[in-house]
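Here the structure comes first, spelled out in structure tokens, and everything after it is commentary.
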Amino acid sequence: MKVAFIRQLLFLLLVEMVLSGLASAQTPPPWMPCSGANLVDRSFPTAGPEVTHWRLCWETVPGNGLLIHWAYFRKSPTANWLFLLWDARLSEIFVPYHSGSPRYYDVEYMFPLTPVGPQDCPAAVGGTVFGGNVCKEVHDRGLMWKQDGSGRRGEELVLWSALAAAWYNYVIEWAFRDDGVFMGRVGATSSNAPGFPWETHMHNPMWRLDVDLNGWPNDSVALGTHIEPLPGPSATDTEPLFSVEAGLPWDPHAFNSLNVTDKFLKNGKGDQTAYQLIPLPTGGLSRHQEAFTQQDFWVTHYNWTEMSAKDLLSYTTPPEPVADTDVVLWYKGSIHHHPRDEDGEMENNYWHGVALVMWTGFMFKPHNLFDRTPFYP
Amino acid sequence: MTFLPCSVFHACRAASTLSSLILGLAVCGFVASSAQSAPNQAQRYPEEKALPLNPLDKEDKAVAERLARSDRRVRELVGEANVRLVLVQLVALKPESASESARPVRHAEVVLFQPQGEVGARALVNLASSAVEQVARMDGSQVPMTTDDLAEAFQLALRDEEVLKILGPAAKSYQVQSMLLTGVATPAENSVTGLRIRSSDEHDPCFKHRCLQLAFRRGRDFLSGPMIIADLTAKRVYVERKKQQ
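Chains as they are written, first to last, in this note's numbering: chain A, 1 to 377; chain B, 1001 to 1245.
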């Protein structure tokens, strides 16, 4: 009798410990300044025990289209939530034509968003339509890793909407991956310029990323740089810090990236955590006579009134210090649109057809955030 | 220290046998440890609208516009008559403090434009305190364009004989494209839209002026032909043919 009682007591204590453990294992979600459909809360993987988790707010506005606010990432259920982004937006889309004119500023007109429906955001790909013009997709993103006979596929959450910019549509896409990567893309599509449909031109989306790694103070930015002097077999990597505001070109041979660090943020191994802005150009990056297009990267000090990419030169003159403070990253991508027969044709003096989506974008990738990848057994 | 909900307390008291008391303690322990994690996640905001980064609703926008228009500094910049509303948007303004408890306050940015003087005003409105916190002057070239500009540009174009010739008998059937697109354009619909244009040639009027290129649409298709550019500053229309045409 006595033994049975002790057994029962021990069993119940064990139950209590397990239940208590379950309740306290997960770090509670942080307060969010948004709610309803504008609050996205997504854990990964979508099936099975949680590994990583995103929480963020989104909003749509005429002109800039789809904005991301206040994004957190949690690298494991027991880890602290990492504040990552205050605001991410498309600041401008500059479109100069090869003959020198016209030169359009597509965000400076308060263009509306196009309708989005089940035809382009189907549930079959994990799509949900919000407000008739925003699509949220949660789906497979392809292979995450492969090692001989084993491997794993990854997943992502994608939010997108499309700006109706006269004869053009611009798809504005933000992706939040299970591995902590955040991506931005713009896709140019719809009709060629009706009066000169065969003239080659450039679409230059410029993103403004108010990155607040681990909160908004104490951030610094370094230019990730690979150097391989030739002739010679060896290479080195350096990370010179931005001390003041500046614009810099992206050199594909130097594998340049903008590496953001917070002086207090380290992983469990004591290594400095960084997030790296890595361009993902399609074909190349353009240069035009306008000063703001003559650099690919810009780093500025946070100022809520500084939202327009075309004014970057004035924002950085005179340059303010940007070390160990609140920083904003800017990146210019380019889409070189050389019209082709597939784009459409003239019918009775009207241009009829559609240019298929052409993409450009960037990746914002964690470096030393995890102690090891949590997706490998 | 964690206080348990009353119902749980009574449930604990109701446990009469030793084993059920132990079971009750286990459940109480579970609830208590759950409650420990609650303060951060259980913040209740009964009015979701009060959350600072939820989108502005019509009422918010009306309040922000009214506060901006009635602000003395704004009136000094743009006056009171014929002042256009360009935008009312949420501003995600950072708190001055970076502590975890610091939270953003709901703000709106209001941009107003006086087309006669081509001057704009940007007002930062604190919706929590109903106060205009900042006002800044904007040159006409900095002010975004809206359907008001498009409507004005279209009216200018309709007074131009060359444009009327290009558009033909359908000229008057075009409607200014709304800011709210609700569906797929039907072939019968004639609409006019525009793109902001800036010249890189300082001798071109559109180097400094507010210029808008018009595009005429029938259903999904766009009318081809010369570029029709409305110079809203000079109140003129330019019809330009590109060389390759």
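A virtual CB, placed ideally from N, CA and C, is assigned to each residue, including glycine.
Strand pairing of residue i, partner residues [DSSP]
| i | result |
| --- | --- |
| Asn-1126 of chain B | B:His-1107, B:Ala-1131 |
| Cys-1250 of chain B | Because chain B here runs from 1001 to 1245, residue 1250 of chain B falls outside it and cannot be looked at. |
| Trp-359 of chain A | A:Gly-187 |
| Asn-218 of chain A | Its beta-bridge partners do not exist; DSSP assigns none. |
| Ala-164 of chain A | A:Asn-169 |
| Val-61 of chain A | A:Gly-65 |
| Phe-94 of chain A | A:Tyr-105, A:Asn-204 |
| Glu-1240 of chain B | B:Met-1227 |
| Phe-297 of chain A | A:Leu-248, A:Tyr-331 |
| Glu-155 of chain A | A:Asp-140 |
CB contact check: residue i to chain B, cutoff 9 Å
| i | result |
| --- | --- |
| Arg-60 of chain A | The question names Arg, yet the displayed sequence has Thr at residue 60 of chain A. So yes, Thr-60 of chain A belongs to the interface. |
| Asn-121 of chain A | As written in the sequence, residue 121 of chain A is Cys, which differs from the Asn given in the question. Chain B, which has no Cβ nearer than 9 Å to the Cβ of Cys-121 of chain A, makes this no. |
| Gln-289 of chain A | yes |
| Ser-43 of chain A | no |
| Cys-135 of chain A | no |
| Trp-70 of chain A | yes |
| Trp-216 of chain A | yes |
| Tyr-350 of chain A | yes |
| Asn-204 of chain A | no |
| Tyr-170 of chain A | no |
| Pro-33 of chain A | yes |
| Arg-7 of chain A | no |
| Phe-370 of chain A | no |
| Met-346 of chain A | yes |
| Arg-340 of chain A | no |
| Arg-103 of chain A | yes |
| Ser-286 of chain A | no |
| Trp-207 of chain A | no |
| Trp-359 of chain A | no |
| Ser-334 of chain A | no |
Residue i and residue j closer than 9 Å at C-beta
| i | j | result |
| --- | --- | --- |
| Ile-1197 of chain B | Ile-1166 of chain B | no |
| Arg-1075 of chain B | Arg-1069 of chain B | yes |
| Leu-213 of chain A | Val-260 of chain A | yes |
| Trp-167 of chain A | Pro-205 of chain A | no |
| Val-186 of chain A | Ile-93 of chain A | yes |
| Ser-220 of chain A | Val-322 of chain A | yes |
| Trp-174 of chain A | Lys-332 of chain A | no |
| Trp-54 of chain A | Val-211 of chain A | no |
| Asp-1071 of chain B | Val-1135 of chain B | yes |
| His-352 of chain A | Arg-1220 of chain B | yes |
| Leu-258 of chain A | Leu-277 of chain A | yes |
| Pro-279 of chain A | Phe-362 of chain A | yes |
| Ala-1153 of chain B | Leu-1232 of chain B | yes |
| Tyr-275 of chain A | Phe-364 of chain A | yes |
| Phe-292 of chain A | Asn-256 of chain A | no |
| Lys-334 of chain A | Glu-199 of chain A | Note on residue identity: the sequence assigns Ser, not Lys, to residue 334 of chain A. Their beta carbons are not under 9 Å apart, which means Ser-334 of chain A does not touch Glu-199 of chain A by this criterion. |
| Glu-1114 of chain B | Leu-1077 of chain B | The sequence given here has Gln at residue 1114 of chain B, not Glu. Taking 9 Å as the Cβ cut-off, Gln-1114 of chain B and Leu-1077 of chain B qualify as a contacting pair. |
| Ala-1151 of chain B | Val-1176 of chain B | yes |
| Ala-246 of chain A | Pro-318 of chain A | no |
| Thr-27 of chain A | Arg-103 of chain A | no |
CB contact check: residue i to chain A, cutoff 9 Å
| i | result |
| --- | --- |
| Ala-1014 of chain B | In this prediction, Ala-1014 of chain B has a pLDDT of 37, which is less than 50 and means its spatial position is unreliable; nothing more can be read from the coordinates. |
| Asn-1126 of chain B | no |
| Gln-1175 of chain B | no |
| Gly-1225 of chain B | yes |
| Lys-1061 of chain B | no |
| Ala-1170 of chain B | no |
| Ser-1129 of chain B | no |
| Gln-1116 of chain B | no |
| Ser-1019 of chain B | Note that Ser-1019 of chain B scores 47 on pLDDT, short of 50, meaning its location in the model is unreliable; the coordinates nonetheless yield the value given after this. By this cut-off, Ser-1019 of chain B is an interface position. |
| Val-1132 of chain B | no |
| Lys-1094 of chain B | yes |
| Gln-1043 of chain B | With a pLDDT of 41 at Gln-1043 of chain B, under the threshold of 50, the predicted position of this residue should be treated as unreliable, and no value is reported. |
| Arg-1236 of chain B | no |
Chain-ordered chain D contacts of residue i [CB-CB under 7 Å]
| i | result |
| --- | --- |
| Asp-262 of chain A | Included in the structure are the protein chains A and B, with no chain D among them. |
Residues of the segment 185–197 of chain A with a CB closer than 7 Å to any CB of chain B: list them in chain order, please. Ser-191, Pro-194, Gly-195, Phe-196
Where the segment 1190–1221 of chain B meets chain A: residues whose CB sits under 7 Å from a CB there: Thr-1193, Gly-1194, Leu-1195, Arg-1196, Ile-1197, Arg-1198, Ser-1199, Ser-1200, Gln-1213, Ala-1215, Arg-1218, Asp-1221
Taking three-plus beta-carbon pairs below 8 Å as touching, is the segment 232–252 of chain A in contact with the segment 339–346 of chain A? no
Kindly confirm or deny that the segment 68–87 of chain A and the segment 106–115 of chain A touch, where touching means at least three C-beta pairs closer than 8 Å. no
Touching or not, the segment 1105–1115 of chain B and the segment 1089–1097 of chain B, by the rule of three or more beta carbon pairs under 8 Å? yes
What residues in the segment 82–94 of chain A bring their beta carbon closer than 8 Å to a beta carbon of chain B? Trp-86, Asp-87
Does the segment 248–263 of chain A come close enough to the segment 343–359 of chain A that 3 or more CB-CB pairs lie under 8 Å? no
Cβ contact (3+ pairs, closer than 8 Å) linking the segment 113–130 of chain A and the segment 218–233 of chain A: no
Compile a chain-ordered list of the residues in the segment 1069–1099 of chain B whose CB is closer than 7 Å to at least one CB of chain A. Leu-1087, Gln-1089, Leu-1090, Val-1091, Ala-1092, Leu-1093, Lys-1094, Ala-1098
Taking one C-beta from the segment 1160–1175 of chain B and one from the segment 1137–1147 of chain B each time, how about it: are there three or more such pairs within less than 8 Å? no
Near-chain B residues of the segment 152–181 of chain A - C-beta to any C-beta below 9 Å: Ala-164, Ala-165, Ala-166, Trp-167, Tyr-168
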